[in-house]
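Each residue of the sequence shown is one higher than the one before, counting from 1 in UniProt numbering.
Quick reminder that beta carbons are idealized off the backbone N, C-alpha and C, glycines included.
Down below is the structure, laid out as structure tokens.
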Amino acid sequence: MSDVLDADEIAAALPDGWHHDADADEIARTFEFDSYLEGVGFAAGAGGLAEEAFHHPSMTVEWREVEVRLTTHDAGGVTGKDIDLAERLNELAE
């Protein structure tokens, strides 16, 4: 199991575009797209990355945007696994 990061560690490690939702013990980002289908395609790709990492985010797909929320449930908060997957999702979105 990964160690839970404190608020300062999270702030220092957050990838571009992500924010720390301390109340929910999660990091989150809303990705924006030009069309609904681009968002669905991103969500499908994100699902593949998550499966490879065996770390599964919460995703909400809406018109032209996908919200992603990450936390490590078995650790009880944000860990390096969340930061790593957030970085990979940023790369996927580029």
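Worksheet item: Around the C-beta of Leu37, are 16 or more other C-beta atoms found within 10 angstroms, so that it is buried, or is it exposed?
Response: Within the sequence shown, numbered from 1, the residue matching residue 37 stands at position 37. Classification of Leu37: exposed, given that the 10 Å Cβ count is below 16.
Discussion item. Just verifying my parser: in three-state terms, what is the DSSP assignment at Leu70?
Written reply: For the purposes of this step, residue 70 is taken as residue 70 along the sequence shown, with counting starting at 1. The answer is strand: DSSP assigns Leu70 an E or B state.
Worksheet item: Going by the CB atoms, is the gap between Arg29 and Leu89 shorter than 9 Å?
Response: Reading the sequence shown from its first residue, position 89 is the one you call residue 89. Reading the sequence shown from its first residue, position 29 is the one you call residue 29. Contact: yes.
Discussion item. Tell me which residues share the same chain as Thr71 and place their Cβ nearer than 8 Å to its Cβ, disregarding the 5 neighbours each side in the sequence.
Written reply: Position 71 of the sequence shown, counted from the start, is the residue given in the question as residue 71. Excluding sequence neighbours, Thr71 sits near Ala24, Asp25, Glu26, Ile27, Gly77, Val78, Asp82.
Discussion item. Taking the beta carbon of Val66 as the centre, do at least 16 other beta carbons fall within 10 Å, making it buried, or is it exposed?
Written reply: Within the sequence shown, the letter at position 66 stands for residue 66. Buried: at least 16 other Cβ atoms inside 10 Å.
Worksheet item: Between which two residues does the alpha helix (DSSP H) carrying Ala75 extend?
Response: As a first step, residue 75 must be located in the sequence shown, where it is residue number 75. Boundaries cannot be given for Ala75, as no alpha helix (DSSP H) includes it and DSSP labels it neither H nor E.
Fill in: C-alpha distance - Gly39 paired with Ala46, whole-angstrom precision
As a first step, residue 39 is located in the sequence shown; it is residue number 39 there, counting from the start. As a first step, residue 46 is located in the sequence shown; it is residue number 46 there, counting from the start. Spanning the two alpha carbons is a distance of roughly 10 Å.
Fill in: Closest Cα partner of Ala50 within the set Gly17, Val68, Arg64
Along the sequence shown, read from residue 1 onward, the residue named residue 50 stands at position 50. Nearest option by C-alpha distance: Val68.
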